Amino acid sequence: MRIIIDADACPRGAFEAAAKLARIAGAELVTVANFNHEIVSEHHITVGGDPQEADLKIINLARAGNIVVTQDIGLAAMVLAKGARALGPTGFEYLQERMESSLEERELKAKYRRAGGRTKGPAKRTAKDDRRFYEKLAEMIGAGDKNL
């Protein structure tokens with residue numbers, strides 16, 4: 001089992017939970033980020049600074065059965081198409097059957113912003129987000145009811 005983290009935008013709480021669960025389950029934890037981020041991880045891949053370089057590397061690494069942790073809906077869609085599972089850092093699992101509407105919503109919001117509109121960003125991360133992420137990732141990797 002391999003857990004791949006889009007470390008360019010992964011909150012510390014989600015990263016720490018994933019690292020702990022990977023150790024418990026004996027899963028390989030791979031982090032990918034551009035050179036602007038300092039990530040301490042045994043299996044870290046540093047990519048260049050091009051806008052989608054980390055995403056492209058993650059897409060190339062992803063295989064069926066892997067879990068990819070990302071906030072990027074587009075990246076989630078790509079890894080789902082490869083048979084991997086995708087999990088947001090708040091514990092939200094991206095599912096293929098919801099992907100079309102999620103991508104449409106993302107495009108509508110981007111269009112609105114390009115026209116000068118403002119959209120709401122993500123809510124501040126909470127301890128509840130950390131717990132939900134931990135529990136969902138534990139379920140996905142079969143680590144059972146491991147406590148933080």
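So for the sequence shown, full-length UniProt numbering puts the first residue at 1; every next one is plus one. Heads up, the beta-carbon is just placed ideally off N, CA and C, and yes, glycines get one too. Remember, predicted model here, so these are calculated numbers, not experimental data.
Quick check on residue i: buried or exposed, where buried means 16 or more other Cβ atoms within 10 Å of its Cβ?
i: isoleucine 24; result: exposed
i: tyrosine 112; result: exposed
i: valine 79; result: buried
i: threonine 90; result: buried
i: alanine 115; result: exposed
i: leucine 148; result: With a pLDDT of 43 at leucine 148, under the threshold of 50, the modelled position of that residue is not reliable, and the figure given next carries that caveat. Counting Cβ neighbours within 10 Å, leucine 148 comes out exposed, since fewer than 16 surround it.
i: leucine 95; result: exposed
i: alanine 138; result: buried
Can residue i and residue j be called in contact, C-beta distance under 8 Å?
i: alanine 27; j: glutamine 71; result: no
i: leucine 29; j: alanine 18; result: yes
i: glycine 49; j: asparagine 36; result: yes
i: alanine 54; j: alanine 33; result: yes
i: isoleucine 5; j: threonine 31; result: yes
i: lysine 136; j: leucine 75; result: no
i: methionine 140; j: glycine 65; result: no
i: arginine 131; j: proline 11; result: no
i: residue 152; j: threonine 119; result: With the chain covering only 1 through 148, there is no way to say anything about residue 152.
To the nearest whole angstrom, what separates the beta carbons of residue i and residue j, a pair I think is in contact under 8 Å?
i: isoleucine 67; j: arginine 85; result: 5 Å
i: alanine 22; j: isoleucine 3; result: 5 Å
i: alanine 7; j: isoleucine 39; result: 5 Å
What residue range is occupied by the uninterrupted alpha helix (DSSP H) comprising residue i?
i: asparagine 60; result: 53-61
What are the start and end residues of the beta strand (DSSP E) that includes residue i?
i: leucine 75; result: That residue, leucine 75, is in no beta strand (DSSP E); its alpha helix (DSSP H) goes 73-81.
i: glutamate 28; result: 28-34
i: aspartate 130; result: Element bounds for aspartate 130: not the beta strand (DSSP E) but the alpha helix (DSSP H), 127-141.
i: leucine 21; result: Segment 12-25 is the alpha helix (DSSP H) holding leucine 21; no beta strand (DSSP E) there.
For residue i and chain D, any beta-carbon pair shorter than 8 Å?
i: isoleucine 73; result: Of the protein chains in this structure there is only one, and it is not chain D.
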